[in-house]
Amino acid sequence: MISHGGPELFVAFIVAVITPILYRLVLRRFRLGVRIISILVLWAFTIVVAYWDVYQISKEARRLCKEEAGLHVYKTVEADGFLGSVSGIEKWSIYGFQYVEGLYKGQKSRAVISEGGILYETVPEYSSRYQSISEDEKLKEGLVKNKRAIVDRDTGEVLGEEIAITVYPGWLDSRLIGILGFTWTPPRCDGDYFPERGKTILQYDDLIKSVIKPKSLNR
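All you need for the working numbering is the position in the sequence shown, starting with 1, plus 34.
Dropping the structure here:
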């Protein structure tokens, strides 16, 4: 299960603090069998309250990581460039693309390599047929699907997806993290493995390279 200490502290507090107080104030008046059963019921209820959402979130996260996370290519295409982030033009030109379109200083632009340097051309409209997009989808409580996709702007068809699942804390962990106030990185998965903090096996480039092939490679 994916826990960050909140449930453990809650259970420890009930066992080490609340149980002795309850025993002295109430339970010691009853016979031994009633005392034992009452304490066991209290502890069982405490464990269910503390870990139920953690268990549900962890179980669903593992299913999503196995069934949905990862790189999915539905169709490959050829193009001279694409609509995405112009900041990567140097890398993409080496790979074989002639241009990358996107926003540059708030304006629609096309980035190309010209005479050994980067040239940003302002364009009235994007001409690329294929676009790299990113979006987050909140699933059940505590789970978010992070999706990058390549779409055909003419048809709306999704040509490929890169899906990651981010796992956020349950109610006790949320309160603990809020009280402590430290910087926290949620566990995630982008493939068939149990979510881990900071682990990534796929890169932004992987999706684009898998779906869009530079036309120059076939010339």
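Ideal placement from N, C-alpha and C gives every residue a C-beta, glycine not left out.
Run the CB neighbour count on residue i, radius 10 Å, all protein chains shown included, and call it buried at 16 or more, exposed below.
i           : result
residue 135 : buried
residue 188 : exposed
residue 121 : exposed
residue 47  : exposed
residue 196 : buried
residue 131 : buried
residue 207 : buried
residue 156 : exposed
Less than 8 Å between the CB atoms is what I'm expecting for residue i and residue j, so what's the real figure, rounded?
i           : j           : result
residue 192 : residue 110 : At roughly 13 Å, the Cβ-Cβ gap does not stay under 8 Å, so residue 192 and residue 110 are not in contact.
residue 242 : residue 184 : 7 Å
residue 78  : residue 199 : The pair is not a contact, with the Cβ atoms about 31 Å apart (cut-off 8 Å).
residue 176 : residue 91  : 4 Å
residue 211 : residue 203 : 6 Å
What residues match up with residue i in a beta bridge as DSSP calls it?
i           : result
residue 172 : 178
residue 223 : 199
residue 231 : 221
residue 258 : A question about residue 258 goes unanswered here, because the residues of the chain that appear run from 35 up to 253.
residue 53  : Paired residue(s): none; residue 53 is not in a bridge.
residue 183 : 167, 195
residue 159 : None, per the DSSP bridge assignment.
residue 154 : 145
I'd like to confirm something about residue i: is its beta-carbon nearer than 7 Å to some heavy atom of the ligand HEM, or not?
i           : result
residue 138 : The model on display carries no ligand, and the ligand HEM is accordingly not part of it.
Checklist entry - Taking three-plus beta-carbon pairs below 8 Å as touching, is the segment 111-119 in contact with the segment 219-230? => result no
Item to check | the segment 152-160 / the segment 225-240 touching (three or more Cβ pairs under 8 Å) | outcome: no
Item to check | Contact the segment 38-45 vs the segment 78-90: 3+ CB pairs below 8 Å | outcome: yes
Checklist entry - Using 8 Å as the Cβ pair cut-off and three pairs as the minimum, do the segment 121-130 and the segment 93-109 touch? => result no
Checklist entry - In chain order, which continuous runs of the alpha helix (DSSP H) of length 4 or greater are located wholly inside the segment 67-152? => result 123-129
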